[in-house]
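Going by this note's numbering, the sequence shown opens with residue 188, and the numbers climb by one from there. Ideal placement from N, C-alpha and C gives every residue a C-beta, glycine not left out. Let me begin by presenting the structure, written as structure tokens, before commenting on it.
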Amino acid sequence: MRQVLGLGLLLCAANLFGQSTFHGNVARTGVYESAGPTQLKGVKWSFKTGGAIVSSPVIADGVVYITSMDGHLFAIDQESGKEKWNFKSRMPIASTPAISGGTIYFVSSGGALAALDIATGKPKWVFGTEFERKFEAKNLHGYPSPAQTIPDAWDLWTSSPAVVNGKVYFGSGDGNIYAVTADTGIELWKVQTKDVVHASPAVVNNIVYIGSWDSTLYALNADTGEEKWTFQAGQDNTIHNQVGFQSSPSVMDGVVYVGCRDGHIYALDAVNGKKKWDYNANKSWVNATPAVRDGVVYAGTSDSSRFMAIDAKNGRLRWNFAAKAYMFSSAALAGDLAYVGDHNGRLYAVDLKTGKLVWEFQVEASKKDPMKILNADGSLNQEAFAPVFGDFEDMYIDIYRFMSIGAILSSPAVDKGVVYVGSMDGNLYAIQ
């Protein structure tokens, strides 16, 4: 078993209640008890970090917590937007923190899980994985470099842990799924998959559900790590584009819902893993974690830029909302609305019953559009995305382009009539 490491390597983990873990709860359903704003008044406050934000905010006891690619975890007063404390890691942080029992956990891009005192930000312990890396493959996305292994620039976040019954569960770029003790960070078990694990676990009825970039969804006994079942999604052994679980599973009423880069949303029996239905998104990645409430599954797509409502029983489309750009953000369901972001720097409030747009918020960077990558209607200007080098480096240039307009990959959190969401412009926004 791996040992707790020196504090210099710090990273982080996840949790189990209310708004204090990724996507609202450890079932990852995206449901929030508090209603959000039905009309857009504007920005209550914004908090500037020193790097892009791809993680999601969590809220506990009047404090909003957010991580940034500048390597910090920030604690921010929920009412005023003023910083209470910050913790500096040696590496960027692309996972959403989680809170449990006076401790906040997070994972950094260096392969470590850290536990901090929630009141002070002082470190309690750090657990080191074997290593961390992005998903990589030869001929990735069809780039002409057959002899070179290419890291995937679209692998944008790391696993956000879940904290349940005194255990912390998370995945790692070393291909393992880990369980460690929440109070001391001692390894309890690990399960090796065949590729990177950057999805976040859902934990329901003592089962851990989590997907790997090997296109396998794993259901594991939460106490022992023993395999209950696995589900194999699509493969793409040529250009490795239509492969892998980047989406995290959500669990509701005995069914596991999960998106996949193979262009499908799957509904699986939570007990035995048998497929109930799958929705074909026509080769458009489903990287967002599905939100589930009242018999409907909500999720966005990448290239087709659709936010969809799908019947949870039969997988039939109820409606879809046309966004303006890729949707990696996972929706928050609060009151009668879904709140979800897209890559052109907009946050949408969408009516859950009709799929109609109620309001939208646009970050200033998107309005200014310094690299002119947006059309007048807010859609992507494809000419502006013309290849520069004609190789995989163009992926990273595209990410920089999206950073320039404040793309919203962050998944919103909702509390007391306010929506909190991060942007690649480096700001955390409180929107009312």
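- Item | Beta-carbon proximity list for E547, same chain, < 6 Å, skipping 5 on both sides | Counting from one through the sequence shown, the residue named residue 547 turns up at place 360. For E547, where only same-chain residues beyond five positions count, the Cβ hits under 6 Å are R533, Y535.
- Query: Using the beta-carbon count (16 or more within 10 Å), is A324 buried or exposed?
  - Reply: As a working note, residue 324 is residue 137 in the sequence shown. Under the 10 Å beta carbon count, A324 is surrounded by 16 or more other beta carbons and is classified as buried.
- Message: Cutting at 6 Å between CB atoms, please list the residues of its own chain near G412, excluding the five before and the five after it.
- Response: To locate residue 412, count along the sequence shown from 1; it is residue 225. Here the set comprises W376, V378.
- Query: From W312, A600, I280, D410, pick the residue whose C-alpha is nearest to that of H385; which is it?
  - Reply: Working through the sequence shown from its first residue, we reach residue 385 at position 198. Nearest C-alpha to H385: I280.
- Message: Along the chain, where does the alpha helix (DSSP H) containing K555 start, and where does it finish?
- Response: Here the question's residue 555 lines up with position 368 in the sequence shown. Note, K555: alpha helix (DSSP H), 551-555.
- Query: Can you pull the DSSP bridge partners for D264?
  - Reply: On the sequence shown, position 77 is the one that residue 264 refers to. Its beta-bridge partners are V250.
- Which listed residue (N459, G528, Y587) has its alpha carbon closest to that of V442: Residue mapping note: residue 442 aligns to position 255 of the sequence shown, counting from 1. Closest by alpha carbon: N459.
- Message: Please report the straight-line C-alpha distance between N393 and D456, rounded to a whole angstrom.
- Response: Walking along the sequence shown from the start, residue 393 turns up at place 206. Walking along the sequence shown from the start, residue 456 turns up at place 269. Going by the C-alpha atoms only, they are around 15 Å apart.
- Query: Is it buried or exposed for K311, if we count other Cβ within 10 angstroms and need 16 for buried?
  - Reply: Reading the sequence shown from its first residue, position 124 is the one you call residue 311. The residue in question, K311, is buried, as its Cβ has 16 or more Cβ neighbours within 10 Å.
- Item | Nearest-angstrom Cα separation, counted from V479 out to K540 | What you label residue 540 is simply residue 353 of the sequence shown in a count that begins at 1. What you label residue 479 is simply residue 292 of the sequence shown in a count that begins at 1. Rounded to whole angstroms, the separation of the alpha carbons of V479 and K540 is 13 Å.
- Kindly indicate the opening and closing residues of the beta strand (DSSP E) around S233. Stepping through the sequence shown from its first residue, residue 233 is reached at position 46. Unbroken beta strand (DSSP E) run through S233: 230-235.
- How should E317 be labelled, buried or exposed, when 16 other C-beta atoms within 10 angstroms of its C-beta is the threshold for buried? The residue you call residue 317 lines up with position 130 of the sequence shown. Exposed, because fewer than 16 other Cβ atoms sit within 10 Å of the Cβ of E317.
- So R588 is in the alpha helix (DSSP H); what residue range does that whole segment cover? Here residue 588 is taken as the residue at index 401 of the sequence shown, counted from 1. Residues 580-591.
- Query: Are the CB atoms of Y607 and P244 nearer to each other than 8 Å?
  - Reply: In the sequence shown, the residue the question calls residue 607 occupies position 420. In the sequence shown, the residue the question calls residue 244 occupies position 57. A contact, by the Cβ cut-off of 8 Å.
- Coil, strand or helix - A571 by DSSP: Along the sequence shown, read from residue 1 onward, the residue named residue 571 stands at position 384. A571 falls in the helix class under three-state DSSP.
- Alpha carbon to alpha carbon, how far is I618 from G297? In the sequence shown, counting from the first residue as 1, residue 618 sits at position 431. In the sequence shown, counting from the first residue as 1, residue 297 sits at position 110. For I618 and G297, the distance between alpha carbons rounds to 32 Å.
- Item | As assigned by DSSP and simplified to three states, the class of G358 | For the purposes of this step, residue 358 is identified with residue 171 of the sequence shown, where counting begins at 1. The answer is strand: DSSP assigns G358 an E or B state.
- Query: Nearest to I364 by CA position, among A571, D382, D578, is which residue?
  - Reply: Within the sequence shown, numbered from 1, the residue matching residue 364 stands at position 177. Per the Cα distances, D382.
- With distances taken between CB atoms, is the gap from V537 to V550 smaller than 8 Å? Counting from 1 along the sequence shown, the entry for residue 537 is found at position 350. Counting from 1 along the sequence shown, the entry for residue 550 is found at position 363. Cβ atoms of V537 and V550: not closer than 8 Å.
- Check L561 in the structure and name its three-state DSSP category. Translated into positions along the sequence shown, residue 561 becomes position 374. Looking at L561 - three-state DSSP - the assignment turns out to be strand.
- Item | S242 beta carbon less than 8 Å from that of E597 | Mapped onto the sequence shown, residue 597 falls at position 410. Mapped onto the sequence shown, residue 242 falls at position 55. Before going further, note that residue 597 is Ser rather than Glu in the sequence given. Yes, these two residues count as a Cβ contact at 8 Å.
- What is the DSSP secondary structure of F432, counted as helix, strand or coil? Counting from 1 along the sequence shown, the entry for residue 432 is found at position 245. Residue state, collapsed to three classes: coil.
- For P338, the nearest candidate out of V605, D581, N614, G604 (CA to CA): As a first step, residue 338 is located in the sequence shown; it is residue number 151 there, counting from the start. It is D581 whose Cα lies nearest to the Cα of P338.
- Item | Close beta carbons around L192, own chain, < 6 Å, minus the five adjacent residues each side | Counting from 1 along the sequence shown, the entry for residue 192 is found at position 5. For L192, the predicted structure reports a pLDDT of 38, less than 50, and the residue's modelled location is therefore unreliable. The matter cannot be settled from this model.
- Give a yes or no on whether 8 Å exceeds the smallest Cβ distance from N408 to chain B. Reference to chain B is not applicable here, since this structure consists of a single protein chain.
- Counterpart residues of K462 in DSSP-defined beta bridges: Translated into the one-based positions of the sequence shown, residue 462 becomes position 275. K462 pairs with L455.
- Query: Which residue's Cα is closest to the Cα of V251: I240, D264, L260?
  - Reply: Within the sequence shown, the letter at position 64 stands for residue 251. The residue with the shortest Cα to Cα distance from V251 is D264.
- Task: Output yes or no for whether 8 Å exceeds the beta carbon distance between A369 and V213.
- Result: Counting from one through the sequence shown, the residue named residue 369 turns up at place 182. Counting from one through the sequence shown, the residue named residue 213 turns up at place 26. Cβ atoms of A369 and V213: not closer than 8 Å.
- Task: Provide the residue(s) that pair with V606 in DSSP beta bridges, ordered along the chain.
- Result: On the sequence shown, position 419 is the one that residue 606 refers to. V601, I618, per the DSSP bridge assignment.
- For the 8 Å Cβ check, are there 3 or more pairs between the segment 555-567 and the segment 504-520? yes
- Going by alpha carbons, who is nearest to D401 out of Y219, P599, D449, R277? Residue 401 sits at position 214 when you count from the first residue of the sequence shown. Here the closest residue by C-alpha is D449.
- Query: Quick one: what does DSSP say F209 is sitting in, helix, strand or coil?
  - Reply: Taking the first residue of the sequence shown as position 1, residue 209 is located at position 22. Assignment of F209 by DSSP, reduced to helix, strand and coil, places it in the helix class.
- Query: What number of angstroms, rounded off, separates the C-alpha of R320 from the C-alpha of G308?
  - Reply: For the purposes of this step, residue 320 is taken as residue 133 along the sequence shown, with counting starting at 1. For the purposes of this step, residue 308 is taken as residue 121 along the sequence shown, with counting starting at 1. If I take the Cα positions, the gap works out to 26 Å.
- Item | Alpha carbon of W232 to alpha carbon of T488, nearest angstrom | Here residue 232 refers to the residue found at position 45 of the sequence shown. Here residue 488 refers to the residue found at position 301 of the sequence shown. Rounded to the nearest angstrom, the two C-alpha atoms are 29 Å apart.
- Tell me which same chain residues have a C-beta within less than 7 Å of the C-beta of L327, skipping the five on either side of it? As a first step, residue 327 is located in the sequence shown; it is residue number 140 there, counting from the start. For L327, where only same-chain residues beyond five positions count, the Cβ hits under 7 Å are I337, D339, I426, H427, F579.
- Query: Between F293 and L260, which are expected to be in contact by the criterion C-beta below 8 Å, what is the C-beta distance as a whole number of angstroms?
  - Reply: Stepping through the sequence shown from its first residue, residue 293 is reached at position 106. Stepping through the sequence shown from its first residue, residue 260 is reached at position 73. Correct: roughly 6 Å between the Cβ atoms.
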